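Contents: one structure, followed by commentary.
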Amino acid sequence: MKIQCLKRRIIKKKKKKLILVQENGVRTNSLENYTGLGTCIFFRFHKNKKTQEKYYGHFLEGKKHGYGQYIYYNGDVYKGTYEHGKKSGIGTYIYNIDKKRKKKRNEKIKASDDKESDDKESDDKERDDNESEDNESDDKESDDNESDDNERDDNESDDNESDFIFF
């Protein structure tokens, strides 16, 4: 008798709580035999932290089936097909690298990124300045060439006058 009570408590603790939002907007706390499109949010309790995972996709008899997207509590994302609740067929798994780095390492990386971005910004400004100077000189040359061409055209049109009107 005591063993059964202990088993029930353990099973209750392991169970995940969830919210299913069906495609018609109805919210339930169960996946029992649901078939169709929906969003399911799984709430897990892990080491005194409340975490959640989210699945958006197709269900068949209460299991993930068809195309769907699953967002894990650590930020990883799986987009692909499911068959009877398991990943199957074509899909893409995207790892969230940022969450896996330690804080100290993260600070070092951010500091070095800031220095690199400052260097890149100054290099970009220099390039932009050089390009704008080159473009200005090219524009001046092309303007000079165009004015010479227009003068020639004016001289030629005086020689070959005709009564055409262009719209």
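Residue numbering for the sequence shown follows the numbering used here, beginning at 322 and increasing consecutively.
Cβ atoms here follow ideal geometry from the backbone N, Cα and C, with glycine treated the same way.
This structure is a prediction, so every number in the text was calculated from the model and none was measured.
Can you find the residues in the same chain that come closer than 6 Å, C-beta to C-beta, to residue i, ignoring five residues on each side of it along the sequence?
i, result
"E353", "G383"
"Y393", "E374"
"K338", "F364"
"K436", "Its pLDDT being 49, under 50, K436 is placed unreliably by the model, and the measurement read from it follows with that caveat. The answer is none, since no qualifying residue turns up."
"V398", "I392 and I415"
"T360", "V342 and Y377"
Excluding the 5 residues preceding and the 5 following residue i in the sequence, name in chain order all residues of the same chain whose CB lies nearer than 8 Å to its CB.
i, result
"L381", "T356, G387 and H405"
Within 10 angstroms of its Cβ, does residue i collect 16 or more other Cβ (buried), or is it exposed?
i, result
"Y416", "exposed"
"G389", "buried"
"K407", "exposed"
"G346", "exposed"
Are the beta-carbon atoms of residue i and residue j separated by less than 9 Å?
i, j, result
"R348", "L358", "no"
"Y376", "F364", "no"
"G396", "D419", "yes"
To which residues of the same chain is residue i closer than 7 Å at the C-beta, ignoring the five residues directly before and after it?
i, result
"I411", "G401 and T402"
"E344", "G357, L358 and G359"
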